[in-house]
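Enquirer: Line by line, the protein sequences give chains Y, R, C, V, S and X. If you use the working numbering, the first sequence corresponds to residues 1 to 148, in order. If you use the working numbering, the second sequence corresponds to residues 1 to 148, in order. If you use the working numbering, the third sequence corresponds to residues 1 to 148, in order. If you use the working numbering, the fourth sequence corresponds to residues 1 to 148, in order. If you use the working numbering, the fifth sequence corresponds to residues 1 to 148, in order. If you use the working numbering, the sixth sequence corresponds to residues 1 to 148, in order. Even glycine gets a Cβ: it sits at the ideal position worked out from N, Cα and C.
6 protein chains.
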Amino acid sequence: MSRALKLSLTRRYRFAASHRLHRPNFSETDNQRIYGKCSNPHGHGHNYSLEVTISGAVDPETGMVANLGELDPFVEREVVEAFDHKYLNEEVPEFNKEVPTAENICREIYRRLKGFPAARLERVRLEETSKNSFEFDGEIGDREQRAP
Amino acid sequence: MSRALKLSLTRRYRFAASHRLHRPNFSETDNQRIYGKCSNPHGHGHNYSLEVTISGAVDPETGMVANLGELDPFVEREVVEAFDHKYLNEEVPEFNKEVPTAENICREIYRRLKGFPAARLERVRLEETSKNSFEFDGEIGDREQRAP
Amino acid sequence: MSRALKLSLTRRYRFAASHRLHRPNFSETDNQRIYGKCSNPHGHGHNYSLEVTISGAVDPETGMVANLGELDPFVEREVVEAFDHKYLNEEVPEFNKEVPTAENICREIYRRLKGFPAARLERVRLEETSKNSFEFDGEIGDREQRAP
Amino acid sequence: MSRALKLSLTRRYRFAASHRLHRPNFSETDNQRIYGKCSNPHGHGHNYSLEVTISGAVDPETGMVANLGELDPFVEREVVEAFDHKYLNEEVPEFNKEVPTAENICREIYRRLKGFPAARLERVRLEETSKNSFEFDGEIGDREQRAP
Amino acid sequence: MSRALKLSLTRRYRFAASHRLHRPNFSETDNQRIYGKCSNPHGHGHNYSLEVTISGAVDPETGMVANLGELDPFVEREVVEAFDHKYLNEEVPEFNKEVPTAENICREIYRRLKGFPAARLERVRLEETSKNSFEFDGEIGDREQRAP
Amino acid sequence: MSRALKLSLTRRYRFAASHRLHRPNFSETDNQRIYGKCSNPHGHGHNYSLEVTISGAVDPETGMVANLGELDPFVEREVVEAFDHKYLNEEVPEFNKEVPTAENICREIYRRLKGFPAARLERVRLEETSKNSFEFDGEIGDREQRAP
C-alpha cells in the first residue's frame with residue numbers, strides 16, 4: 001500500500017557492448033543447442049537500451065522525485081562506463097564466471113544500482129534488440145530490506 | 001512475494017490482420033454508435049504488435065529464464081500462424097461468435113498462450129495502432145491456479 | 001485480487017507546451033543548482049506524450065472496456081485543450097503556485113482524469129523527452145476510494 | 001538546380017485499411033506464387049503511415065512553405081477519408097481494376113495529391129509495415145509539367 | 001555525378017526549445033489565421049530532433065568520412081548550446097526579427113553548419129513533432145560555391 | 001530523368017555484430033585519437049538496422065516493383081547470414097584487411113547487393129546506433145554501368 005504514494009521516474013541510458021554465450025562446462029552440442037548462434041567463438045554485439053525506474057514521494061519544495069543531476073552520474077559511473085564499448089565476458093569481472101545473458105546483465109545492473117541513495121530503485125529494464133527486453137525488480141532479500 | 005524472485009522477459013511478435021466490429025443482434029444505429037467506422041461492412045485492418053511477457057527464476061546453469069528457441073515456435077504456432085494475414089471474423093473460429101475487438105483478441109491470445117510449458121505467462125500486450133494498446137494478465141481462475 | 005479480472009487499455013495523446021522550472025522563494029544559486037538550464041528566465045518547451053491507462057471488465061455485449069468515443073473527448077477537454085500550445089506556468093492555474101516539473105504535471109493530469117466515469121483510471125504516464133518518463137497511479141486517498 | 005532554392009516539408013498521416021492481392025486473370029498457382037499469403041480470399045489489413053513531402057520557397061512574410069491549415073484538409077479529403085477503415089479492393093474505385101499493392105496505393109495517392117495548389121508535391125512515402133516502405137515522386141509527364 | 005563517389009553520414013542531435021509564431025506587423029486576425037494556436041502570447045515548446053547529413057569520400061586510411069569527434073563539438077557549439085532550453089524568439093538573435101517557424105529554424109541551422117571544415121554539409125532535417133519534419137539543402141549560392 | 005519513372009521500395013533487415021576499430025599500422029596514440037573507445041582491444045557490438053532500397057517500373061501485371069520473395073533470400077544470403085552474430089573483423093573476409101567502420105560495412109553491403117537481378121539497387125542505409133546512420137548509393141563505376 002505504501003506504493004500508492006509514489007510517483008516513478010524512468011530514465012533511459014544506452015550502451016553498446018559485445019558478448020558470447022558459452023559455458024566451458026557444457027559440451028559443444030549443449031552450447032549450440034542452448035545458445036545457438038550466440039555461442040559463436042568470436043562473440044557478437046548489441047546496442048543495449050537501459051531503462052532505470054526509481055520512485056519516491058514528490059518533494060513539495062522542488063516538485064521532483066530525485067534530481068537527474070544525481071541519478072545520471074551514478075548510473076554512468078556504475079554501469080555505462082563499465083559496460084559501454086566493452087566485451088562483457090572479459091571486461092566486466094562478474095561475467096568472467098557468469099554467462100552474460102541479458103538476464104544476468106539485467107540482474108548485475110540491478111545489483112550495481114540498488115544502492116542509489118536519493119530514491120528507491122524500482123526496477124531495471126534492458127532492451128537487447130527491438131524484439132527482446134528483460135525486466136528485474138529485485139531479489140527477495142532486497143525487497144524485504146525495502147519494506148519499512 | 002514469490003514475484004520478487006522473478007525476472008521477466010518480453011518478446012515482440014507481429015501480425016497483420018483485418019476485422020470488422022459489428023454485432024448482428026445490435027441495430028444498425030447501435031453498431032454505428034458503438035463501433036463507428038469500425039463497423040463498415042467490408043472490414044478494415046491493422047498491423048498488430050504483440051508483446052508476450054513470461055517470467056521465472058533465472059536458471060543458474062544457463063543464465064536464462066526460458067529459451068526463445070522454445071517460446072518462438074509456440075507463439076508462432078498458437079497465434080501468429082492463426083492470425084497473420086487473416087480476416088479474423090471469418091478465419092479464427094473464436095471470432096465467429098465473439099466480436100474481434102482488441103480486447104477480445106487480447107484475451108484470446110492470452111488463452112492460447114497460458115499453457116506455455118517452460119515459464120509462467122505474465123501478460124500479453126497488444127498494440128493495435130500507434131495510439132492504442134491493450135494488456136491482459138489473466139482471469140481469476142488462472143491466477144488462483146498459479147498461486148502455489 | 002479484483003485486479004485479475006481486468007483488462008487495461010492505454011491510449012496516447014500528445015501536446016506541446018513550454019514551462020520554466022524556478023521558485024521565487026529559492027535563491028538564484030539554488031534555482032540554478034536544482035533546475036539547471038530548466039530555470040532559464042524565458043522558459044523552454046517540450047512535445048509531451050501522455051499515455052492514459054484505464055481498466056475494467058470487458059463488456060460481454062460490446063467486447064470493449066470503454067468506448068474511445070467517450071475517453072477521447074474527456075481527455076481532450078480536461079488536459080489537451082488546457083495544456084497544448086500553452087506556457088504552463090502562466091496559463092494553467094495550478095502551475096501559478098506549483099512549479100511545473102514533469103512530476104507535478106503528471107499528478108495534475110491524474111487529478112483531472114481520475115473522475116472519468118466510464119472506467120477506472122489506472123495510471124498516467126508522461127514522456128517529456130525521449131529519455132525521461134514519469135508515471136503516477138494515484139494518492140492513497142484515491143486508492144482507498146477505489147477499493148470496493 | 002531550381003531544387004537548390006527549396007525547403008521541403010514532410011507531414012505524416014495515418015490510415016488503417018484492408019486489402020487482398022489477387023488477380024482473377026492469374027491462375028490460383030500464380031496468385032499464390034506471386035502474392036503468397038497476401039492472396040488469402042478474405043483479405044487482411046495494415047496500419048499505413050503516409051508521409052507527404054511538399055516543397056517550395058519559404059514565404060518571407062510568413063516564414064512558411066505552406067500552411068498546414070491548407071495541406072491537412074486537402075490530404076484528409078483526398079486520401080484519408082477515402083482510404084481509412086476501408087476494404088480497398090471494394091471501396092476505392094481505382095482498386096476494383098488494379099490490384100492494391102503498396103506500389104499501386106502509393107501511385108494512386110500521388111495522383112490524388114499532385115494537384116495540391118499551395119506548394120509542389122515532391123513525393124509520397126507509404127509505410128505498410130515496420131519493415132516495408134514505398135516511395136514515388138511522379139511520372140515523367142508530371143515531372144515535365146513541373147519544369148518551368 | 002561527383003555525388004556518386006560519396007558516402008553520407010547522418011547524425012542526430014536533440015534540443016528542447018520554445019517559440020511563438022507571431023508577426024507584429026500582421027493584424028491579430030492575420031496572426032490567428034496564419035499561425036493559429038502557435039501565435040498564443042506566451043509561446044509554447046517542442047523537443048526538436050535535428051539530423052545533420054554530411055558527405056565525402058571515405059578516407060582509405062581511417063575508413064571514415066569524418067570524425068564524429070570533430071562533428072559533435074561543432075554542432076554542439078553552433079546549434080545545440082545556442083538553441084537548447086531557450087525561448088528562440090528572445091534568445092537567438094536571428095529570431096528577434098525573423099519569425100522562428102520550423103522552416104526558418106531549419107535554414108538558420110543550415111547557415112550555422114555549412115562552414116563545417118571536415119566534410120561537405122549535405123542537408124539538415126528538423127523534426128518538430130512526430131508528424132512534421134523539414135529539410136533544407138542550401139541556397140543557390142551555397143550550391144554553386146560547392147561545385148568544384 | 002529516367003529516375004522519374006521509378007517507384008522505390010525500401011526493406012529493412014537487422015543483424016547484430018561486433019567489431020573493433022583499430023589499424024595495426026597506426027600507433028596506439030593514433031588509434032586512440034581516431035577511434036577512441038571503439039579501438040578497445042576486445043571489440044564491442046551493435047544492433048545494425050539495414051535498409052535496402054531498390055527501384056524500378058511497376059509491373060502492370062503484378063502491380064509490384066520486385067517480389068520480396070526474391071529480395072529477402074538474396075539479402076539474407078549475401079548479408080544477414082554472413083554478418084549476423086559475427087565478429088566482423090575476423091569472420092567477414094573483407095574486414096581482415098579493411099577496418100570495419102560503418103562506412104566500410106555500408107560499402108561492402110552495397111557491393112554484395114548490387115548484383116540483385118530483379119531490380120536496380122538504389123542505395124543502402126545502415127543505422128549503427130539510434131544516433132548514427134550511413135548511406136551509400138554506389139561508386140562511379142557502378143553508376144556508369146547502370147546508365148542505359
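Just tell me which of X:ASP137, X:PRO117 and X:GLU98 has its CA closest to the CA of S:ASP59.
Expert: Here residue 59 of chain S refers to the residue found at position 59 of the fifth sequence. The shortest Cα separation from S:ASP59 among X:ASP137, X:PRO117 and X:GLU98 belongs to X:GLU98.
Enquirer: What does DSSP give as the partner residues of C:HIS19 in its beta bridges?
Expert: As a position in the third sequence, residue 19 of chain C is number 19, starting the count at 1. For C:HIS19, which the question treats as bridged, DSSP gives the partners C:HIS44.
Enquirer: According to a CB-to-CB cut-off of less than 8 Å, which residues of the segment 91-117 of chain V neighbour chain R?
Expert: GLU91
Enquirer: Does the segment 82-90 of chain S touch the segment 9-21 of chain S, meaning 3 or more C-beta pairs lie closer than 8 Å?
Expert: yes
Enquirer: Give me the Cβ distance between C:ALA118 and C:GLU70, rounded to the nearest whole Å; I'm assuming they're in contact under 8 Å.
Expert: Taking the first residue of the third sequence as position 1, residue 118 of chain C is located at position 118. Taking the first residue of the third sequence as position 1, residue 70 of chain C is located at position 70. Yes, they are in contact, since the Cβ atoms of C:ALA118 and C:GLU70 sit about 5 Å apart, within 8 Å.
Enquirer: Run through the segment 105-146 of chain X for me and flag every whole alpha helix (DSSP H) of 4 or more residues, listed as ranges in chain order.
Expert: 140-146
Enquirer: How far does the alpha helix (DSSP H) with X:PRO73 in it extend, from its first residue to its last?
Expert: Residue 73 of chain X sits at position 73 when you count from the first residue of the sixth sequence. Looking at the DSSP string, the run of the alpha helix (DSSP H) that includes X:PRO73 is 68-75.
Enquirer: To the nearest angstrom, report how far apart V:THR129 and C:ASN31 are at their CA atoms.
Expert: Your numbering for residue 129 of chain V matches position 129 in the fourth sequence. Your numbering for residue 31 of chain C matches position 31 in the third sequence. If you take the alpha carbons of V:THR129 and C:ASN31, they lie about 47 Å apart.
Enquirer: With DSSP as the reference, label R:SER39 as helix, strand or coil.
Expert: As a position in the second sequence, residue 39 of chain R is number 39, starting the count at 1. Helix.
Enquirer: On the DSSP letters alone, give me the boundaries of the alpha helix (DSSP H) that X:GLU78 sits inside.
Expert: Taking the sixth sequence and counting its residues from 1, the one referred to as residue 78 of chain X is at position 78. Unbroken run through X:GLU78: none, as it is neither H nor E.
Enquirer: From this set, X:PHE116, X:GLU28, X:GLU78 and X:GLY138, which residue's C-alpha is nearest X:GLY56's C-alpha?
Expert: Residue 56 of chain X sits at position 56 when you count from the first residue of the sixth sequence. Nearest option by C-alpha distance: X:PHE116.
Enquirer: Taking CB distances under 8 Å as the criterion, tell me whether V:ILE54 reaches chain X.
Expert: In the fourth sequence, the residue the question calls residue 54 of chain V occupies position 54. The beta-carbon of V:ILE54 is placed no less than 8 Å from the nearest beta-carbon of chain X.
Enquirer: Which residues in chain V have a C-beta closer than 9 Å to the C-beta of R:THR129? List them in chain order.
Expert: Along the second sequence, one-based indexing puts residue 129 of chain R at 129. Within 9 Å Cβ-Cβ: ARG14, ALA16 and ASN47.
Enquirer: So, helix, strand or coil for V:THR53, using DSSP?
Expert: Position 53 of the fourth sequence, counted from the first residue, corresponds to residue 53 of chain V. Strand, per DSSP.
Enquirer: Please confirm if S:SER27 has its CB atom under 8 Å from at least one CB of chain V.
Expert: As a first step, residue 27 of chain S must be located in the fifth sequence, where it is residue number 27. Not one chain V Cβ lies under 8 Å of S:SER27.
Enquirer: Any beta-carbon of chain S closer than 8 Å to the one on C:HIS44?
Expert: As a working note, residue 44 of chain C is residue 44 in the third sequence. Answer yes: the Cβ-Cβ gap between C:HIS44 and chain S drops below 8 Å somewhere.
Enquirer: Can V:ARG123 and V:THR53 be called in contact, C-beta distance under 8 Å?
Expert: By 1-based counting over the fourth sequence, the position of residue 123 of chain V is 123. By 1-based counting over the fourth sequence, the position of residue 53 of chain V is 53. For V:ARG123 and V:THR53, yes; Cβs fall inside 8 Å.
Enquirer: For X:PHE74 versus X:ARG107, is the C-beta spacing smaller than 8 Å?
Expert: By one-based count along the sixth sequence, residue 74 of chain X stands at place 74. By one-based count along the sixth sequence, residue 107 of chain X stands at place 107. Going by C-beta atoms, X:PHE74 is not nearer than 8 Å to X:ARG107.
Enquirer: Where DSSP assigns a beta bridge to C:THR10, which residues make up the other side?
Expert: By 1-based counting over the third sequence, the position of residue 10 of chain C is 10. Answer by DSSP bridge pairing, in chain order: R:SER133 and C:THR53.
Enquirer: Taking Cβ-Cβ distances below 8 Å as the criterion, which residues of the segment 61-83 of chain X are in contact with chain V?
Expert: GLU61, THR62, GLY63, MET64, VAL65, ASN67, LEU68 and GLY69
Enquirer: Given that V:SER39 touches chain X, what residues does it touch there, using C-beta distances under 9 Å?
Expert: Residue numbering aside, residue 39 of chain V sits at position 39 when the fourth sequence is read from its first letter. By Cβ distance, chain X contributes nothing, its closest Cβ being about 11 Å from V:SER39, past 9 Å.
Enquirer: So C:TYR87 contacts chain S; which residues on that side make the cut at Cβ distance below 8 Å?
Expert: Position 87 of the third sequence, counted from the first residue, corresponds to residue 87 of chain C. When 8 Å is used as the limit between beta carbons, C:TYR87 is near these residues of chain S: SER18, ASN40, HIS42, GLY43 and HIS44, in chain order.
Enquirer: Just the chain Y side, please: which residues come within less than 8 Å of R:LEU7 by C-beta, in chain order?
Expert: Here residue 7 of chain R is taken as the residue at index 7 of the second sequence, counted from 1. Those within 8 Å of R:LEU7 in chain Y are GLU103, CYS106, ARG107, PHE134, GLU135 and PHE136.
Enquirer: Does chain R have any CB closer than 8 Å to the CB of C:ARG11?
Expert: Sequence index remark: in the third sequence, residue 11 of chain C carries index 11 (1-based). Contact of C:ARG11 with chain R is assigned, a C-beta pair being separated by under 8 Å.
Enquirer: Out of S:PRO24, S:GLU51, S:ARG20 and S:GLY138, state which residue places its alpha-carbon closest to the alpha-carbon of S:LYS37.
Expert: The residue you call residue 37 of chain S lines up with position 37 of the fifth sequence. The candidate whose alpha carbon is nearest that of S:LYS37 is S:ARG20.
Enquirer: How long is the line joining the alpha carbons of R:PHE26 and R:SER39, rounded to whole angstroms?
Expert: Counted from its first residue, the second sequence places residue 26 of chain R at position 26. Counted from its first residue, the second sequence places residue 39 of chain R at position 39. Using only the alpha carbons, I get a separation of about 11 Å.
Enquirer: What's the call for C:ARG77, buried or exposed, on a 16-neighbour Cβ count within 10 Å?
Expert: Residue 77 of chain C sits at position 77 when you count from the first residue of the third sequence. For C:ARG77, the number of other beta carbons within 10 angstroms of its own is below 16, and it is reported as exposed.
Enquirer: In angstroms with no decimal places, state the Cα-to-Cα distance between Y:VAL92 and S:LEU9.
Expert: For the purposes of this step, residue 92 of chain Y is taken as residue 92 along the first sequence, with counting starting at 1. For the purposes of this step, residue 9 of chain S is taken as residue 9 along the fifth sequence, with counting starting at 1. Roughly 32 Å separates the two Cα atoms.
Enquirer: Based on Cα-Cα distance, which residue from C:THR62, C:HIS22 and C:ARG11 lies nearest to C:ASP72?
Expert: For the purposes of this step, residue 72 of chain C is identified with residue 72 of the third sequence, where counting begins at 1. Nearest C-alpha to C:ASP72: C:ARG11.
Enquirer: Leaving out the 5 sequence neighbours to the left and right, which residues in its chain are closer than 7 Å to V:GLY141 when beta-carbon positions are compared?
Expert: As a first step, residue 141 of chain V is located in the fourth sequence; it is residue number 141 there, counting from the start. Residue placement at V:GLY141 cannot be trusted, given a pLDDT of 48 that sits under 50; the coordinates are not used to answer.
Enquirer: For Y:MET64 and C:ILE109, what's the separation of their Cα atoms in angstroms?
Expert: Against the first sequence, residue 64 of chain Y aligns to sequence position 64. Against the third sequence, residue 109 of chain C aligns to sequence position 109. Between Y:MET64 and C:ILE109, the C-alpha separation is close to 16 Å.
Enquirer: So V:ASN89 is in the alpha helix (DSSP H); what residue range does that whole segment cover?
Expert: For the purposes of this step, residue 89 of chain V is identified with residue 89 of the fourth sequence, where counting begins at 1. Start and end: 88-91.
Enquirer: Using the Cα positions of S:HIS22 and S:THR29, report the straight-line distance between them to the nearest angstrom.
Expert: Reading the fifth sequence from its first residue, position 22 is the one you call residue 22 of chain S. Reading the fifth sequence from its first residue, position 29 is the one you call residue 29 of chain S. So the two alpha carbons sit approximately 11 Å from each other.
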